[in-house]
Amino acid sequence: DTAVSQTPKYLVTQMGNDKSIKCEQNLGHDTMYWYKQDSKKFLKIMFSYNNKELIINETVPNRFSPKSPDKAHLNLHINSLELGDSAVYFCASSRGGGFSEAFFGQGTRLTVV
Amino acid sequence: DQQVKQNSPSLSVQEGRISILNCDYTNSMFDYFLWYKKYPAEGPTFLISISSIKDKNEDGRFTVFLNKSAKHLSLHIVPSQPGDSAVYFCAASASMGGQNFVFGPGTRLSVLP
Numbered sequence: 001d002t003a004v005s006q007t008p009k010y011l012v013t014q015m016g017n018d019k020s021i022k023c024e025q026n027l028g029h030d031t032m033y034w035y036k037q038d039s040k041k042f043l044k045i046m047f048s049y050n051n052k053e054l055i056i057n058e059t060v061p062n063r064f065s066p067k068s069p070d071k072a073h074l075n076l077h078i079n080s081l082e083l084g085d086s087a088v089y090f091c092a093s094s095r096g097g098g099f100s101e102a103f104f105g106q107g108t109r110l111t112v113v
Numbered sequence: 114d115q116q117v118k119q120n121s122p123s124l125s126v127q128e129g130r131i132s133i134l135n136c137d138y139t140n141s142m143f144d145y146f147l148w149y150k151k152y153p154a155e156g157p158t159f160l161i162s163i164s165s166i167k168d169k170n171e172d173g174r175f176t177v178f179l180n181k182s183a184k185h186l187s188l189h190i191v192p193s194q195p196g197d198s199a200v201y202f203c204a205a206s207a208s209m210g211g212q213n214f215v216f217g218p219g220t221r222l223s224v225l226p
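Each protein sequence line maps, in turn, to chains A and B.
Each step along the first sequence adds one to the number in the working numbering, with nothing skipped, and position 14 is 14.
For the working numbering, count along the second sequence from 1 and bump the result up by 113.
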């Protein structure tokens, strides 16, 4: 009974393609996130949504577009993929409102060739 | 500009001994601090947290200490076990103005049998 699940776990695609990564949480949390772990292993926030509303949008190319159809889902769409987009992408969720931990999905390893 | 720093990329400890992982932060707005453990090909798993109103929080073998004046926190694992071998991330957030978890670069802990 996975709390935060993201699919697919691995994604290999060619430059220029458009792809999506799906994320679902069954914890009843109000806040969901996308993080990127780059080749240097840094975990950096990309987006944060609270109750389907975008609250954090870090400096991310506009080729990346999050979509939250409901509180339990936050999908990540990436257009015109580039080699530099290769990384591991993590979805997470939290209760929000401060002093609450985030729960992470298992990650999606994206490889752009 | 790293707001959360973990200056030791790796640490090796003998089984049964104490592991001490350190973390420093620069943003005085941070008031909630977390430690995550990450195994390869998995998402980060929440371990323990501490809010800025405390200076110590304990959970079984794991204790986190916070020194606000020095902007420093540490995670103590006693006794260390081989299963503790993983990458440990320190994270911080500011409870006001939206919850964004800022992660350090991680410390790889190896517990030797």
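Every residue, glycine too, gets a C-beta built ideally from N, C-alpha and C.
> Per DSSP, what kind of secondary structure is B/Asp-137 in: helix, strand or coil?
Replying inline: Correct three-state label for B/Asp-137: strand.
>> According to DSSP, is B/Pro-157 part of a helix, a strand, or is it coil?
In response: In the displayed model, B/Pro-157 falls within coil according to three-state DSSP, outside both helix and strand.
> Between the region 161 to 195 of chain B and chain A, which residues of the former have a C-beta closer than 7 Å to a C-beta of the latter?
Replying inline: Of all residues in the region 161 to 195 of chain B, Ser-162 and Ser-164 have a Cβ within less than 7 Å of some Cβ in chain A.
>> Which residue marks the beginning of the beta strand (DSSP E) containing A/Asn-50, and which one marks its end?
In response: Counting along the chain, the beta strand (DSSP E) containing A/Asn-50 begins and ends at 43 to 50.
> At what residue ranges does the region 140 to 201 of chain B contain a whole run of the beta strand (DSSP E), taking only runs of 3 or more?
Replying inline: Fully enclosed beta strand (DSSP E) runs of no fewer than 3 residues occupy 145 to 151, 158 to 164, 169 to 172, 175 to 180 and 185 to 190 of the region 140 to 201 of chain B, in order along the chain.
>> Between which residues of its own chain and B/Phe-175 is the CB-CB distance below 8 Å, once the five residues before and five after are set aside?
In response: Closer than 8 Å at the Cβ level, and outside the excluded window around B/Phe-175, lie Trp-148, Leu-160, Ile-161, Leu-188, His-189 and Ile-190.
> What does DSSP give as the partner residues of A/Leu-83 in its beta bridges?
Replying inline: Note: A/Leu-83 sits in no beta bridge, so no partner.
>> So A/Gly-105 and A/Ala-92 are supposed to be a Cβ contact under 8 Å. How far apart are they, rounded?
In response: Yes, they are in contact, since the Cβ atoms of A/Gly-105 and A/Ala-92 sit about 7 Å apart, within 8 Å.
>> Buried or exposed for A/Gln-25, going by 16 or more other Cβ atoms inside 10 Å?
In response: Counting every other CB atom within 10 Å of its CB across the protein chains shown gives A/Gln-25 a total of 16 or more, marking it as buried.
> If you count every other CB in all the chains shown that lies within 10 Å of the CB of B/Val-215, and 16 or more means buried, which is it?
Replying inline: Per the 10 Å Cβ criterion, buried.
> Going by Cα to Cα distance, which pick from B/Gly-219, B/Val-177 and B/Gly-196 is closest to B/Leu-225?
Replying inline: Restricting attention to B/Gly-219, B/Val-177 and B/Gly-196, the CA atom closest to the CA of B/Leu-225 is found in B/Gly-196.
> First and last residue of the beta strand (DSSP E) that includes A/Pro-66?
Replying inline: It spans 64 to 70 - the beta strand (DSSP E) in which A/Pro-66 sits, taken as one unbroken run.
> Of all the residues that make up the region 53 to 82 of chain A, which are near chain B by a beta-carbon distance shorter than 7 Å?
Replying inline: If the cut-off is 7 Å between Cβ atoms, the region 53 to 82 of chain A has Ile-55 and Ile-56 near chain B.
> Closest to A/Leu-36 by CA distance: which of A/Asn-51, A/Leu-27, A/Ser-100 and A/Asn-57 is it?
Replying inline: The amino acid occupying residue 36 of chain A in the given sequence is Lys; Leu does not appear at that position. Ranking the options by Cα distance to A/Lys-36, first place goes to A/Asn-57.
> Name the chain A residues that come within less than 7 Å of B/Phe-143, Cβ to Cβ?
Replying inline: Correct list: empty, because the minimum Cβ distance to chain A is about 11 Å.
>> Tell me the rounded alpha-carbon separation between A/Tyr-33 and B/Ser-193.
In response: Roughly 32 Å between the two C-alpha positions.
>> Would you say B/Leu-224 lies against chain A (beta-carbon separation less than 9 Å)?
In response: As written in the sequence, residue 224 of chain B is Val, which differs from the Leu given in the question. Not a single C-beta of chain A is nearer than 9 Å to the C-beta of B/Val-224.
> DSSP puts A/Thr-2 in a beta bridge; with which residues?
Replying inline: Paired residue(s): none; A/Thr-2 is not in a bridge.
>> Classify B/Glu-155: buried if its beta carbon has 16 or more other beta carbons within 10 angstroms, exposed otherwise.
In response: It counts as exposed.
> In the structure shown, what three-state DSSP assignment does A/Asn-75 receive?
Replying inline: A/Asn-75 falls in the strand class under three-state DSSP.
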